[in-house]
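J.: Starting off with a structure, shown below.
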Ligand code: S3P
C-alpha cells in the first residue's frame with residue numbers, strides 16, 4: 001500500500017489520546033497465559049499483526065484463545081498441555097514471537113516448524129538456538145540452523161549458566177522460558193540491561209525470578225498460574241508522537257497510560273537531554289509495570305551523543321530519534337547500536353537512505369549514525385521497506401516537510417500501531 005500525506009501551510013498537533021498496548025508485554029501476556037494453568041484475562045492487548053500471529057501460533061499448539069478487540073481470554077494448558085501442531089507456525093514479521101516460542105518449545109517433546117516473512121528469514125536465530133541446544137533442545141534450520149525456516153524438537157532440558165554476547169530481551173526471555181522447564185537452575189548474564197518484561201510478568205504469574213544486576217536466575221520446574229494482565233500503552237509507539245509534539249511548531253500532546261518501565265525509558269532521557277519540554281506524571285504504581293501520562297510541547301532541541309548502556313533501553317526508538325536530530329541544533333552521534341542492523345530491516349541503512357531522500361544530512365557509521373541538525377526536510381517518495389517503525393518515522397517527517405510525501409509499503413505500520421494514521425489525522429489542525 002502507498003499512502004500520500006500532504007502538509008499544506010503551517011500545521012500543529014494537539015490533543016490527548018492513548019497509544020495501543022505495549023507490543024512486548026502483549027506477546028508475553030498471550031505466551032505466559034498459554035503455558036499457565038487456568039484462565040488468563042488480558043486487557044489492552046495490542047491488536048497489531050505481530051501479536052495476532054502469536055495468538056495464531058498458540059491456537060495451532062492446541063490452546064483455546066478468545067479475542068474481542070483488545071480483550072483476550074486464554075485457557076492455559078500448562079507446558080504439558082501444548083499439542084504437536086499439524087501445521088507450520090507462521091510468525092509473520094515478529095522476532096519476539098519466533099524467539100520466545102523457541103524457548104517455550106525447547107521443553108515440548110514434539111516437533112514444530114516455524115517460518116516467517118522475508119525479514120524474519122534474514123534475522124539471526126543462532127543467538128537463541130545456540131543456548132537452547134546447550135540445554136538439550138534439537139533445533140535445525142537454514143544455514144546450519146542459524147536462520148528460519150527453523151524446526152525444533154524439545155524435551156529433557158538441563159539448566160545452564162549462559163553469558164549472552166548481546167543485550168537482548170528476546171535471547172534472555174527464550175532462555176528463561178526454557179529454564180522454567182529444565183532440571184536445575186538457569187542463569188543468564190547480559191552485557192547490558194535489556195527490557196525485563198518477562199521477569200516482571202513471570203512474577204505476576206506466580207513464579208520466582210531472581211535478578212541481581214545483569215544476572216537473572218530462574219529455578220526449573222515452576223508452574224505458572226493464570227492471572228489478569230493490564231497492558232500499558234507502548235512507549236515505543238508513543239515515541240513517534242512525543243517527537244512529533246517536540247518538532248512540529250506550536251504543538252502540545254498528552255499521551256495517557258504509557259508504560260514507563262525503566263528498561264524502556266531511554267527515549268525520555270534523550271528527549272530531556274535534547275531540551276524537550278516534557279512532563280511525566282506517574283499514574284499507576286501498583287501495576288506490575290509502571291505507567292504515566294506524558295505531555296510534550298514544541299521546543300528547540302539540541303544535538304547530543306547517544307551510546308553505551310542506554311542503547312538497549314531505546315533501541316526501537318532510534319529511527320524516530322534520528323528524525324528529531326535532523327531538527328536539533330548541532331550534531332547528534334548515535335553509536336554502540338550495531339544491533340540496528342538485525343532489526344526488521346537494517347535500520348542504520350533504512351533510516352539513512354530514507355531520511356536522505358527528504359534532504360536530511362545523515363551518515364551511516366559502523367555502529368550507528370551521525371546526523372547534522374537544523375535541516376529543512378523536503379517532501380519525497382519514500383519507502384518503509386516493510387518496517388513499521390521506519391514507516392511511522394517517515395509519516396511524522398511528512399508533518400514538517402511542506403508538500404506531498406508518499407510512503408510506499410505503509411501497510412507495515414499495522415504491525416505495531418494499527419490506528420496510527422487515524423491518530424495522526426485527528427491530532428493535526
Ligand atoms: C523485544 C526486544 C528487543 C526489541 C524488540 C522487542 C522484546 O529486541 O528490539 O522490538 O519484546 O523482547 P532484542 O531482544 O533483539 O534486542
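Numbering (the UniProt record's numbering), first residue to last: 1 to 429. Each residue gets a CB set at the ideal place from its N, CA and C atoms; glycine is no exception.
1) Does the separation of the CB atoms of residue 75 and residue 39 fall below 8 Å?
2) Apart from the five residues on each side of it in sequence, which residues of its chain come closer than 6 Å, Cβ to Cβ, to residue 260?
3) Counting pairs of Cβ atoms below 8 Å between the stretch 24 to 35 and the stretch 194 to 201, do you hit three or more?
4) Below 8 Å on the Cβ atoms is my guess for residue 174 versus residue 132; work out the distance and round it to an integer in Å.
5) Would the stretch 207 to 216 count as touching the stretch 241 to 260 if we require 3 or more Cβ pairs under 8 Å?
6) Label residue 190 either buried or exposed according to how many other C-beta atoms from any shown protein chain fall within 10 Å of its C-beta, with 16 as the threshold for buried.
7) Assuming residue 210 and residue 182 form a contact by the criterion Cβ under 8 Å, report the distance between their Cβ atoms to the nearest whole angstrom.
8) Using CA atoms only, rank isn't needed, just tell me which of 44, 16, 92 is closest to residue 474.
9) Should residue 170 be counted as a contact of the ligand S3P given a C-beta to heavy atom distance under 7 Å?
10) If you compare alpha carbons, which of 316, 357, 321 is closest to residue 342?
11) By Cβ distance below 8 Å, which residues in the same chain neighbour residue 391 in space, the five residues on each side in sequence not counted?
12) List in chain order: all unbroken alpha helix (DSSP H) runs of 4+ residues lying wholly within the stretch 223 to 310.
13) Do you know offhand how far residue 381's Cα is from residue 355's?
14) Using 8 Å as the threshold, is the stretch 7 to 20 in touch with the stretch 227 to 237, meaning 3 or more CB pairs across them?
15) Using a Cβ-Cβ cutoff of less than 6 Å, which residues in the same chain neighbour residue 99 once the five nearest sequence positions on both sides are dropped?
16) Between residue 372 and the ligand SAH, is the CB less than 7 Å from at least one heavy atom?
17) Within the present structure, is the beta-carbon of residue 414 separated from the nearest heavy atom of the ligand S3P by less than 7 Å?
18) Thinking just about the alpha-carbon of each residue, which of 103, 340, 90 is nearest to the one in residue 35?
19) Between the beta-carbon of residue 314 and the beta-carbon of residue 243, is there less than 8 Å?
20) Return yes when at least one heavy atom of the ligand S3P lies under 7 Å from the C-beta of residue 339, else no.
21) Considering just the uninterrupted stretch of the beta strand (DSSP E) at residue 361, what are its terminal residues?
22) Short of 8 Å in beta carbon distance, which residues of its chain neighbour residue 119, apart from the five on each side in sequence? Order them along the chain.
23) Check each candidate in 416, 424, 369, 428 and name the one with the smallest Cα separation from residue 50.
24) Using the Cα positions of residue 134 and residue 424, report the straight-line distance between them to the nearest angstrom.
25) Relative to the alpha-carbon of residue 377, which residue among 223, 360, 109, 364 has its alpha-carbon at the smallest distance?
26) Let me make sure I understand the geometry here. Which of 77, 109, 114, 81 has the alpha-carbon closest to that of residue 87?
27) Is the beta carbon of residue 371 less than 8 Å from the beta carbon of residue 332?
28) Could you tell me if residue 162 is buried or exposed, where buried requires 16 or more neighbouring beta carbons within 10 angstroms of its beta carbon?
29) Would you identify the three-state DSSP class for residue 79, choosing helix, strand or coil?
30) Just reading off the beta strand (DSSP E) that residue 383 is part of, what are its end residues?
31) Alpha carbon to alpha carbon, how far is residue 208 from residue 178? Give it in angstroms, no decimals.
32) Is residue 387 close to the ligand S3P? I mean its beta-carbon at under 7 Å from any heavy atom of the ligand.
33) Give me the Cβ distance between residue 328 and residue 369, rounded to the nearest whole Å; I'm assuming they're in contact under 8 Å.
34) Just to check, is the beta-carbon of residue 266 closer than 7 Å to a non-hydrogen atom of the ligand S3P?
35) With DSSP as the reference, please indicate the residues paired to residue 151 in a beta bridge.
36) By the three-class DSSP mapping on this structure, what secondary structure does residue 209 have?
T.: Result, derived from the coordinates:
1) yes
2) Hits under 6 Å: 290, 292.
3) yes
4) 7 Å
5) Counting C-beta pairs with one atom in each stretch, the stretch 207 to 216 and the stretch 241 to 260 have fewer than three that are closer than 8 Å, which means they do not touch.
6) buried
7) Not quite, the Cβ-Cβ distance comes to about 15 Å (not below 8 Å), so this is no contact.
8) Since the displayed the chain opens at 1 and closes at 429, residue 474 lies outside it and no answer follows.
9) Within the cutoff, so yes.
10) 316
11) Only residues of its own chain outside the window of five on either side were considered, and among them 384, 407, 409, 410, 412, 413 have a CB closer than 8 Å to the CB of residue 391, listed in chain order.
12) Here the runs fully enclosed are 235 to 247, 266 to 274.
13) Roughly 11 Å separates the two Cα atoms.
14) yes
15) 128, 170, 174
16) The ligand SAH is absent from the structure shown, which contains only the ligand S3P.
17) no
18) 103
19) no
20) In this structure, the C-beta of residue 339 approaches the ligand S3P to less than 7 Å from one of its heavy atoms.
21) 361 to 365
22) 93, 344, 345, 386, 387
23) 416
24) 47 Å
25) 360
26) 114
27) yes
28) Buried.
29) Under the three-state reduction of DSSP output, residue 79 falls in the helix class.
30) 381 to 383 is the span of the beta strand (DSSP E), which, as asked, contains residue 383.
31) Rounded to the nearest angstrom, the two C-alpha atoms are 14 Å apart.
32) Not one heavy atom of the ligand S3P lies closer than 7 Å to the C-beta of residue 387.
33) With 8 Å as the limit, residue 328 and residue 369 do not qualify as a contact, their Cβ atoms being about 14 Å apart.
34) no
35) 113, 140
36) strand
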